[in-house]
Amino acid sequence: MSLIEEIDYGTPRSKSETMVTLTIDGNQVTVPEGTSIMRAAMDAGHQIPKLCATDMVDAFGSCRLCVVEIEGRAGTPASCTTPVMNGLVVHTQSERLKKLRKGVMELYISDHPLDCLTCGANGDCELQDMAGAVGLRDVRYGYEGENHVFAKSHGEINAAWMPKDESNPYFTYDPSKCIVCSRCVRACEEVQGTFALTISGRGFDSRVSPGMSESFLGSECVSCGACVQACPTATLTEKSVIEIGQPEHSVVTTCAYCGVGCTFKAEMRGEEVVRMVPYKDGKANRGHSCVKGRFAWGYTNHKERILNPMIRERIEDPWREVSWDEAFSFAAARMRGIQKKYGRDAIGGITSSRCTNEETYLVQKLIRAGFGNNNVDTCARVCHSPTGYGLSVTFGTSAGTQDFDSVENTDVAMIIGANPASAHPVFASRLKKRLRQGAKLIVIDPRRTEMVESPHVKALHLPLMPGTNVAVVTALAHVIVTEGLANEAFVRERCDWAEFEEWAAFVAQPKHSPEATAILTGVDPKTLREAARIYATGGNGAIYYGLGVTEHSQGSTTVIAIANLAMATGNIGRPGVGVNPLRGQNNVQGSCDMGSFPHELPGYRHISGDAVRDQFEALWNVKLNPEPGLRIPNMFDAAIEGTFMGLYVQGEDILQSDPNTKHVVAALSAMECVIVHDLFLNETANYAHVFLPGSSFLEKDGTFTNAERRIQRVRKVMSPKNGMADWEVTIALAKAMGFEMNYSHPSEIMDEIAALTPTFAGVSYAKLDELGSVQWPCNEKAPEGTPVMHIGGFVRGKGKFVVTEYVATDERTGPRFPLLLTTGRILSQYNVGAQTRRTENVVWHAEDRLEIHPHDAEQRGVRDGDWVRLQSRAGETTLRAELTDRVAPGVVYTTFHHPDTQANVITTEYSDWATNCPEYKVTAVQISPSNGPSDWQKSYDEQARHSRRIAPAEAAE
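Following our numbering, the numbering of the sequence shown begins with 2 at its first residue and continues without gaps.
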């Protein structure tokens with residue numbers, strides 16, 4: 002293995018379909034119109050020296066190193082900023098050019114430290130490379146004059162020198178090595194869209210400045226790493242590179258955080274990760290990253306990671322480390338004993354949205370074929386199960402319609418109940434780039450999120466009251482129908498016309514007008530009407546939504562309403578449009594695809610279908626139960642009743658992530674065998690009897706499926722620290738249970754998935770290695786996958802319009818609980834924080850805080866930073882207050898990343914009518930001043946510390 006070197010063409014690719022032919026150094030080159038001479042030369046195999054140019058940002062033309070000669074033109078233009086033309090004759094090397102380039106390099110080197118042998122970028126420095134490329138052998142200018150290199154000059158303090166900024170936990174900024182090429186500034190602006198960096202000063206005093214001469218940590222920098230990746234010198238360098246040295250080989254793999262599914266090069270020395278570099282050929286991220294994927298992989302080596310299997314008789318006992326064989330035997334005996342005592346259906350399992358498709362497939366196979374029931378569910382139950390239901394009913398398939406590239410053709414983006422800037426930051430950067438190019442943005446969210454207003458972006462914001470999504474989307478449809486803005490031609494051709502007429506008559510009723518619904522929603526009718534008109538008439542309209550849509554009692558209804566809106570306006574079936582659920586975890590789409598719901602086998606086929614079961618029974622050589630099993634909430638209820646007593650949980654912390662924590666505690670406490678399969682002793686493990694150590698995404702092979710249905714390889718870059726990959730653990734547990742599954746590599750599991758799942762029929766590791774990734778459906782009709790769904794028609798045939806009546810949630814405010822709590826995520830943390838809390842990301846978010854409007858805070862005597870008591874009908878907790886007008890009066894907001902807060906002790910058991918997805922986003926609460934953690938928090942912490950005791954290993958005789 003060696004380092005995977007990606008070609009830097011110097012300037013971005015032109016998308017023109019018109020071709021231009023020119024001659025470069027005697028060779029004819031044909032490239033798209035608008036291509037720079039620099040890129041055309043690279044296409045022809047001629048690398049023109051450069052420093053300020055890179056193909057991730059637009060041409061800048063400041064370094065003057067890339068000059069060329071063009072026959073018939075005077076001067077030496079910069080090749081990065083000069084576009085190709087038919088018939089041009091270009092020379093990239095001549096005596097004049099050599100002299101000019103050497104002179105430029107001399108000036109750069111004359112104000113640059115010459116500590117190359119001890120520099121962190123030694124071996125990976127473009128300045129060093131270019132000095133060699135232009136043949137620089139000596140420098141005529143010394144350091145006698147002004148310089149930025151030394152702290153002292155002629156024995157006095159050098160005012161031009163600046164110390165190294167090491168405030169950021171992941172990278173350093175050394176101003177003495179900066180050549181002011183502006184690549185970092187442009188990457189921050191053009192790729193990330195944060196505009197946190199600028200060039201301060203003029204001429205010799207020019208400097209890269211985070212914000213107003215702040216530290217990187219204290220500035221608006223979001224630590225995405227784009228500036229570090231763009232830097233051609235050691236000015237911006239990863240601390241891991243400084244500590245370890247330059248990597249010697251790399252492996253392409255997929256990020257294990259959110260549903261964007263960024264592709265990375267894991268750059269290694271031996272089995273040690275040096276850095277994670279976003280891969281430019283990654284079709285989801287196109288060479289960009291966020292702070293989590295780029296830097297927050299250190300949890301894989303954290304001291305709290307459990308590497309040995311552990312068992313205990315009772316949850317009150319300390320853990321006892323045992324061999325793998327003893328752990329499997331103990332677990333199997335417990336689970337078989339429960340089935341013998343309580344019946345076959347008394348055990349089940351929960352699959353993980355953080356594990357691979359192959360591992361998830363094996364868990365559901367173990368439960369169906371090994372346990373003999375269908376008591377399998379997944380964390381998608383508590384996040385995007387309404388997406389599966391709603392889109393299946395209307396479109397015929399349970400997934401988003403577009404690829405992420407589609408956003409480049411979007412004219413109007415509508416974001417409902419999502420905050421991509423925090424939860425899906427790489428997609429947010431791509432969207433913001435399109436918005437800066439002129440596309441319009443509509444944000445429907447109770448909170449003024451980062452997407453509402455960012456540099457050069459101003460959204461039309463509809464700040465609805467939590468729980469009124471259906472009323473708002475129906476009001477949008479009312480405007481579109483009553484003002485004649487529906488796309489009748491599309492509807493007649495693609496959808497059921499009779500159903501459309503029934504739906505149109507429903508939404509056209511006066512009670513659904515923006516004016517009539519405003520009393521419920523709190524949305525200004527004029528703003529809502531403007532939003533509807535923009536979406537219906539503004540060109541390609543795309544809807545992106547998140548958990549603020551699905552985690553409601555009417556989550557499925559809102560998804561259906563969104564689908565209705567897209568069909569009514571014809572915004573389906575081409576690039577730039579569509580209905581796009583933003584999945585929260587790296588493989589939540591895949592876990593659903595793999596048959597993790599109790600009523601569906603892989604490929605969303607119902608377990609009751611005889612023909613479908615016949616296929617699986619023939620290949621698995623076992624008879625399957627035709628009855629759907631228990632959902633997660635049903636499992637908890639049955640456990641408390643005493644009929645469900647054993648649970649295998651892979652890579653999911655249900656105690657911290659599921660609603661009504663006290664109810665979950667009661668359920669887990671009632672069970673006789675809880676098996677937790679994870680990296681750390683998570684909150685669920687407090688009530689477990691068996692702990693099976695898991696492997697990280699860096700330690701195994703497999704695939705993830707992201708939010709755009711893209712199936713991508715996960716490649717092992719190091720040996721599993723626990724000794725076994727997760728798929729091997731599940732196979733061994735199944736064998737102990739008496740059910741043999743024989744695979745020698747995850748590729749064989751994928752072959753079985755492809756044989757049984759029509760949408761995966763064309764998927765294989767060989768194809769993924771060849772194409773990089775594919776989007777399902779991938780089969781005979783679409784051998785290279787399907788980037789955009791429903792082109793020419795819907796999967797179900799005719800698109801189905803469904804009437805969506807608004808029904809207010811049973812969770813109501815009142816005198817005791819007058820405020821509405823809604824929850825969400827923050828950029829630096831991920832889900833329940835099990836991974837990110839064990840990285841340096843805690844520097845940005847060390848605790849969950851409660852956002853409260855200053856008016857509500859003043860009424861309650863609460864100041865910024867005060868401890869407050871947050872109480873609902875379900876329970877109470879305490880946390881610190883953050884006063885902000887991002888939330889409206891009457892609404893409060895918090896995150897759920899830290900277990901010491903346990904935000905879900907507040908949330909209730911109300912759930913979506915169709916899927917039981919919990920209503921996390923609407924909880925009636927009261928806020929009052931507090932002196933610190935509540936009694937419940939103290940008792941919970943005491944129980945957790947007691948439960949996590951590990952007995953010392955017995956000394957060998």
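Even glycine gets a Cβ: it sits at the ideal position worked out from N, Cα and C.
Nearest neighbour of residue i, chosen from the options [CA to CA]
i: Gly604; options: Pro50, Gly800, Pro759, Thr570; result: Pro759
i: Trp868; options: Asn743, Ile928, Val292; result: Ile928
i: Gly391; options: Tyr831, Val803, Thr895; result: Val803
i: Leu693; options: Ala726, Val253, Arg141, Ala882; result: Ala726
i: Tyr258; options: Ala509, Val274, Val427; result: Val427
i: Lys527; options: Leu477, Thr570, Ser37, Asn488; result: Leu477
i: Ile655; options: Gln938, Leu308, Phe897; result: Phe897
i: Gly542; options: Thr558, Arg575, His513; result: Arg575
i: Met86; options: Val21, Leu734, Ala671, Trp504; result: Val21
i: Thr787; options: Arg797, Phe761, Glu806, Lys799; result: Phe761
i: Lys433; options: Asp446, Arg448, Asp412, Arg449; result: Asp412
i: Ile1043; options: Gly401, Glu503, Asp659, Thr388; result: A query on residue 1043 cannot be resolved here, the shown segment of the chain reaching from 2 to 958 and no further.
i: Tyr536; options: His856, Lys441, Asn587, Asp446; result: Lys441
i: Met738; options: Ile5, Arg138, Val90, Asp326; result: Asp326
i: Ala422; options: Glu684, Glu753, Thr82, Gly194; result: Gly194
Segment limits, beta strand (DSSP E) that includes residue i
i: Cys256; result: No beta strand (DSSP E) contains Cys256, which DSSP labels as neither H nor E.
i: Met790; result: Run containing Met790: none; DSSP gives neither H nor E here.
i: Lys441; result: 441 to 445
i: Ile608; result: Element bounds for Ile608: n/a, residue is neither H nor E.
i: Cys674; result: 674 to 679
i: Leu693; result: 691 to 694
i: His898; result: No beta strand (DSSP E) holds His898; DSSP gives it neither H nor E.
Close Cβ partners of residue i (< 7 Å) along its chain, the five nearest in sequence each way excluded
i: Ala134; result: Pro50
i: Ser948; result: Ile316, Asn687
i: Val261; result: Ala285, Asn286, His425, Val427, Phe428, Asn707, Ala708
i: Pro953; result: none
i: Val186; result: Leu198, Thr199, Ile200, Val209
i: Ala532; result: Ile443, Leu461, Leu463, Leu477
i: Phe681; result: Glu305, Arg306, Ile307, Ala835
Own chain residues within Cβ distance below 8 Å of residue i, not counting five before or after
i: Ile348; result: Met336, Ile339, Gln340, Phe372, Asn374, Asn376, Phe645, Met646, Gly647, Leu648, Tyr649, Cys674
i: Ser554; result: Gly468, Val808, Thr810, Asp811, Glu812, Tyr911, Ser912, Asp913, Trp914, Glu920, Val923
Contact set for residue i: own chain, Cβ-Cβ below 6 Å, skip 5 residues either direction
i: Glu190; result: Phe196
i: Ala957; result: Unreliable positioning characterises Ala957 in this predicted model, as indicated by a pLDDT of 45, which lies under 50. The coordinate reading is nonetheless provided below. Same-chain partners within the cutoff: there are none.
i: Thr518; result: Ala472, Ala476
Boundaries of the alpha helix (DSSP H) in which residue i is found, first to last residue
i: Ile732; result: 727 to 737
i: Asp326; result: 325 to 343
i: Trp621; result: 611 to 621
i: Ala882; result: Segment 877 to 884 is the beta strand (DSSP E) holding Ala882; no alpha helix (DSSP H) there.
i: Leu656; result: 655 to 658
i: Thr475; result: 470 to 483
i: Val665; result: 662 to 671
i: Gly591; result: 589 to 594
i: Gly294; result: 292 to 296
i: Glu852; result: Counting along the chain, Glu852 falls outside any alpha helix (DSSP H), though it belongs to the beta strand (DSSP E) covering 850 to 853.
Per DSSP, cross-strand counterpart(s) of residue i
i: Ala925; result: Leu821
i: Gln872; result: Glu877, Gln927
i: Gly800; result: Cys496
i: Thr704; result: Arg714
i: Ile827; result: None, per the DSSP bridge assignment.
i: Arg448; result: Val888
Cβ-heavy atom distance, residue i to the ligand COA, below 8 Å
i: Ser720; result: This structure lacks the ligand COA, and indeed carries no ligand of any kind.
Quick check on the DSSP output: what are the complete beta strand (DSSP E) runs of length 3 or more inside the stretch 204 to 280, in order along the chain?
For the stretch 204 to 280, whole beta strand (DSSP E) runs of length 3 or above, ordered along the chain, are 208 to 211, 237 to 239, 250 to 255, 264 to 270, 273 to 279.
Please list the segments of the alpha helix (DSSP H) lying wholly inside the stretch 358 to 422, counting only runs of 4 or more residues, in order along the chain.
Note on the stretch 358 to 422: whole alpha helix (DSSP H) runs with a minimum of 4 residues are 358 to 366, 386 to 395, in chain order.
Please give me, in chain order, every unbroken run of the beta strand (DSSP E) with length at least 3 that falls completely inside the stretch 529 to 565.
DSSP runs (the beta strand (DSSP E)) wholly in the stretch 529 to 565: 542 to 546.
Give the list of continuous alpha helix (DSSP H) stretches no shorter than 4 residues that lie fully inside the stretch 82 to 136.
The DSSP assignment places 96 to 110, 127 to 134 as complete runs of the alpha helix (DSSP H) inside the stretch 82 to 136, in order along the chain (cut-off: 4 residues).
Hey, which unbroken runs of the beta strand (DSSP E) at 3 residues or more fall wholly within the stretch 16 to 73?
Those beta strand (DSSP E) runs which fall completely within the stretch 16 to 73 and span 3+ residues are 20 to 25, 28 to 33.
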